[in-house]
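Note sheet for the following structure.
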Ligand SMILES: C[S@@+](CC[C@H](N)C(=O)[O-])C[C@H]1O[C@@H](n2cnc3c(N)ncnc32)[C@H](O)[C@@H]1O
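In this note's numbering, the protein residues as written are 4 to 280.
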């Protein structure tokens, strides 16, 4: 929960202009009921003694921002990156099942954590693979992890998590097996063979995907919430194109594709399969 803001006020009109700009640039939709959040997060840069004296000035600079640094800052500030290790465990059980059954017969295995935030989801997928005996040494297996926010990707790539942030998320056995602990700073660092299974890259889901890879399973969890129906449909169509047949798409447990047109076979409220068309 973010505190009630006390700094400069963001007018409804400017909120609309900023969110329209964000939408045009990234496809991310921010509804009016999130205005307090935008105001609160941008107040870090707006006000007396700060980079911009007013929200108007910030918006003007944003439109003139040729290098894209301010746009990146806006994206980093306004995306919600909440995540944790083994969030919604049923999906990792599904991945383990996939590897045990279909995985054994695949020449290569490609998994994708799309909207990976700070990496916990991708490393949980990697730990699941290693637990099933799938490592870079034993198989042609790789995990792509992508996000639009470079800020979270820096954390993800480092693979370093403070104990207070991951306490309670992982079994002690996993912590001992897959992390090294630095008692001086109380950090856990992800180690081999988990780390090298994952490759991180910046990727905006609203842009054309820069690959035609055939993925076995794609985790797209708690990301579609950012998009309106038509964008959801565009993203799902692109996801379809880069999945194997059969291939699996996994959404967050609280998401739903009701009212969204898509070509997948629905296996449960969050697991979808690409069958031949
Ligand atoms: C709530 S987190 C979900 C993290 C993880 N998938 C999970 O379920 O725990 C949503 C992530 O989607 C990313 N995101 C939002 N819009 C995006 C876009 N257009 N392209 C790629 N990633 C995006 C955000 O930066 C954020 O890290």
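Note that beta-carbon positions come from the ideal geometry of N, C-alpha and C, so glycine has one too.
Own chain, CB closer than 7 angstroms to residue i, minus 5 neighbours either side, in chain order
i: residue 64; result: 55 and 73
i: residue 78; result: 29, 151 and 152
i: residue 241; result: 212
i: residue 218; result: 113, 114, 115, 245, 246, 247 and 250
i: residue 215; result: 245
i: residue 184; result: 191
i: residue 33; result: 22, 25, 41 and 81
i: residue 169; result: 88 and 191
i: residue 1; result: Shown here, the chain extends from 4 to 280; a query on residue 1 therefore has no answer.
i: residue 172; result: 87, 88 and 89
6 angstroms Cβ shell around residue i - same chain, five flanking residues per side excluded
i: residue 232; result: 263
i: residue 129; result: 146, 197, 200 and 201
i: residue 260; result: none
i: residue 137; result: 102 and 144
i: residue 48; result: 54 and 55
i: residue 234; result: 30
i: residue 19; result: none
Test item: CB-CB of residue i and residue j under 8 angstroms
i: residue 176; j: residue 159; result: no
i: residue 253; j: residue 224; result: yes
i: residue 114; j: residue 245; result: no
i: residue 208; j: residue 99; result: no
i: residue 120; j: residue 86; result: yes
i: residue 91; j: residue 256; result: yes
i: residue 17; j: residue 59; result: yes
i: residue 203; j: residue 191; result: no
i: residue 95; j: residue 131; result: yes
i: residue 31; j: residue 229; result: yes
i: residue 38; j: residue 61; result: no
i: residue 10; j: residue 52; result: no
i: residue 189; j: residue 166; result: yes
i: residue 271; j: residue 258; result: no
i: residue 155; j: residue 84; result: yes
Anticipated Cβ contact below 8 angstroms, residue i with residue j, distance rounded
i: residue 251; j: residue 101; result: 7 angstroms
i: residue 281; j: residue 278; result: With the chain represented from 4 up to 280, any question about residue 281 goes unanswered, as that position is not in the structure.
8 angstroms CB neighbourhood of residue i in its chain, flanking five on each side removed
i: residue 139; result: 145, 196, 199 and 200
i: residue 266; result: 239, 240, 243, 277 and 280
i: residue 157; result: none
Requested in this report: Tell me the start and end of each unbroken alpha helix (DSSP H) in the stretch 20 to 96 that is at least 4 residues and wholly inside, in chain order.
Outcome: As far as the stretch 20 to 96 is concerned, its whole alpha helix (DSSP H) runs of at least 4 residues are 38 to 45, 58 to 66 and 72 to 81.
Query raised in the report: Considering only residues of the stretch 106 to 160, which uninterrupted beta strand (DSSP E) runs meet the minimum length of 3 residues and lie entirely inside it, listed in chain order?
Result: DSSP runs (the beta strand (DSSP E)) wholly in the stretch 106 to 160: 112 to 117 and 144 to 150.
**Report entry** beta strand (DSSP E) segments (min. 3 residues) lying fully within the stretch 201 to 260
**Finding:** The stretch 201 to 260 contains these whole beta strand (DSSP E) runs: 201 to 205, 218 to 222 and 246 to 253.
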